[in-house]
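Just so we're aligned, residue 16 is where the first sequence starts under my numbering, counting upward by one. As structure tokens, the structure follows; a few thoughts come after it.
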Amino acid sequence: VDAFCKEGQPSEAEHVFEMTAQKGAEPNVVTYNSIIDGYFLHNRVDAAAKLFGLMIERNYAPNVVTYNALINGYCKSKQIHKAWLLYQEMLGKGLIPDVVTHTTLIGGFCLVGNFHAAEQLFDKMHAYGQPPDVQSYATMLDGLCKAKQVDKAIAVFQQMENHQLEPSIVIYNILINGLCNAGKLEPARELFKGLSAKKVEPGVVTFNTLINGLCNEGHISEAFTLFNEMEGRGCVPNSGTYNVLVRGFLRNGDKLSVEQLLREMNQKGLAAD
RNA sequence: GACUGAACUCCUC
Numbered sequence: 016v017d018a019f020c021k022e023g024q025p026s027e028a029e030h031v032f033e034m035t036a037q038k039g040a041e042p043n044v045v046t047y048n049s050i051i052d053g054y055f056l057h058n059r060v061d062a063a064a065k066l067f068g069l070m071i072e073r074n075y076a077p078n079v080v081t082y083n084a085l086i087n088g089y090c091k092s093k094q095i096h097k098a099w100l101l102y103q104e105m106l107g108k109g110l111i112p113d114v115v116t117h118t119t120l121i122g123g124f125c126l127v128g129n130f131h132a133a134e135q136l137f138d139k140m141h142a143y144g145q146p147p148d149v150q151s152y153a154t155m156l157d158g159l160c161k162a163k164q165v166d167k168a169i170a171v172f173q174q175m176e177n178h179q180l181e182p183s184i185v186i187y188n189i190l191i192n193g194l195c196n197a198g199k200l201e202p203a204r205e206l207f208k209g210l211s212a213k214k215v216e217p218g219v220v221t222f223n224t225l226i227n228g229l230c231n232e233g234h235i236s237e238a239f240t241l242f243n244e245m246e247g248r249g250c251v252p253n254s255g256t257y258n259v260l261v262r263g264f265l266r267n268g269d270k271l272s273v274e275q276l277l278r279e280m281n282q283k284g285l286a287a288d
């Protein structure tokens, strides 16, 4: 059922649902959760809400995962108010929101630009007995960066290390991007250089992020050097890499380099945007 | 045991 839901084939999922029901197998909460999440994945918010109502009608008690899926659906569709109501509802039922619940809500608040509410919730997580994990930090840091509060993001990042959490490459990508967007190239470079010492390997996104930042600030040749280092560090440039670089060279009026890069893209079967 | 969150970069919406 879950597989069909994720693939966007609700009728097939229903089919399986009925077949097993005919054989006397009762659906359980997980069955419902899978379908609810599947609806949200395909933007069928109303269908998800309806099924949630139906499951309660049929006396299947929603659990934390059910609520998390619903809250996520509403957050992703920017209906943070409905998400918050569900959060209150689960509290009222004595269900204990977990890290997923809180992280989802933090992301939801950030998505609608309510960074303050996001931060408040993030700060309360320790008190709620659900300390933020690496994913929570990623969500919060990205939110702070998007709110142009890079300095605060760096401070929160440092807290992370105090809590014995190992920052993942995603965390670094977020910070490097935030620093670049704030025009703080030097700290971004330093974070990047320090990766190997932290035993974290940069990925394609890491390179793309920094290359983009360098291009935006007019450091094309440095960007190009970085680009040339990618393969040696196990990263294959993708179309995003090339597009960012091409744009940089275009701004510089460097037609020769642009042509060279476009040829390379062609050879590799990558699409120019 | 199966179902839920971050995931960031470029482009598009």
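Backbone N, C-alpha and C define an ideal beta-carbon position, used for all residues, glycine too.
| message | With the cut-off set at 8 Å, would you say Asn-48 and Ala-84 are in Cβ contact? | response | yes
| said: DSSP three-state label for Ile-184, please. | reply: helix
| field | Neighbourhood of Thr-46 by C-beta, 6 Å cutoff - its chain only, sequence neighbours within 5 removed | value | Val-16
| Inter-residue spacing [alpha-carbon to alpha-carbon] between Ile-184 and Ala-40 | 44 Å
| task | On a CA-only basis, which of Glu-134, Asp-148, Gly-198 and Gly-144 is nearest Ala-168? Give me that one, please. | result | Glu-134
| Collapsed DSSP secondary structure at Gln-145 in the structure displayed | coil
| message | Taking its Cβ as the centre, do 16 or more other Cβ atoms sit within 10 Å of Ala-18, making it buried, or is it exposed? | response | exposed
| message | Can you find the residues in the same chain that come closer than 7 Å, C-beta to C-beta, to Gly-88, ignoring five residues on each side of it along the sequence? | response | Phe-55, Val-60 and Ala-63
| request: Consult DSSP for Cys-250 and reduce its assignment to one of helix, strand or coil. | output: coil
| Going straight from the alpha carbon of Cys-160 to that of Asp-166, what length do you get? | 9 Å
| Member of Ala-197, Val-219 and Ile-191 whose CA lies at the smallest distance from the CA of Lys-208 | Ile-191
| task | Kindly indicate which residue of Leu-265, Pro-252, Leu-260 and Asp-269 has the alpha-carbon position closest to the one of Gly-284. | result | Pro-252
| request: Can you tell me which of the three DSSP states Ala-287 falls into? | output: coil
| field | Collapsed DSSP secondary structure at Lys-167 in the structure displayed | value | helix
| query | Hey, which unbroken runs of the alpha helix (DSSP H) at 4 residues or more fall wholly within the region 186 to 253? | reply | 200 to 208, 219 to 231 and 235 to 244
| Assigned exposure category for Met-34 - 16 Cβ within 10 Å defines buried | exposed
| Can you give the beta carbon distance from Leu-110 to Tyr-82, rounded, assuming they're within the 8 Å contact cut? | 7 Å
| said: I need the boundaries of the alpha helix (DSSP H) containing Gln-37, first residue and last residue. | reply: 25 to 37
| Alpha carbon to alpha carbon, how far is Leu-120 from His-234? | 38 Å
| field | Backbone CA spacing between Ile-51 and Phe-67 [nearest angstrom] | value | 7 Å
| Straight-line CA distance for Cys-20 to Ala-238? | 42 Å
| query | Between the C-alpha atoms of Ser-272 and Val-259, what's the straight-line distance to the nearest angstrom? | reply | 13 Å
| Considering Gly-109, what are the terminal residues of the alpha helix (DSSP H) in which it resides? | Looking at the DSSP string, Gly-109 is not in any alpha helix (DSSP H), and its letter there is neither H nor E.
| query | Could you check where the alpha helix (DSSP H) with His-117 kicks off and where it finishes? | reply | 114 to 126
| query | Of all the options Asp-113, Gly-249 and Ala-197, which has the alpha carbon lying nearest to the alpha carbon of Gly-228? | reply | Ala-197
| message | Relative to the C-alpha of Phe-130, which candidate in Asp-157, Thr-116 and Asp-148 has its C-alpha closest? | response | Asp-157
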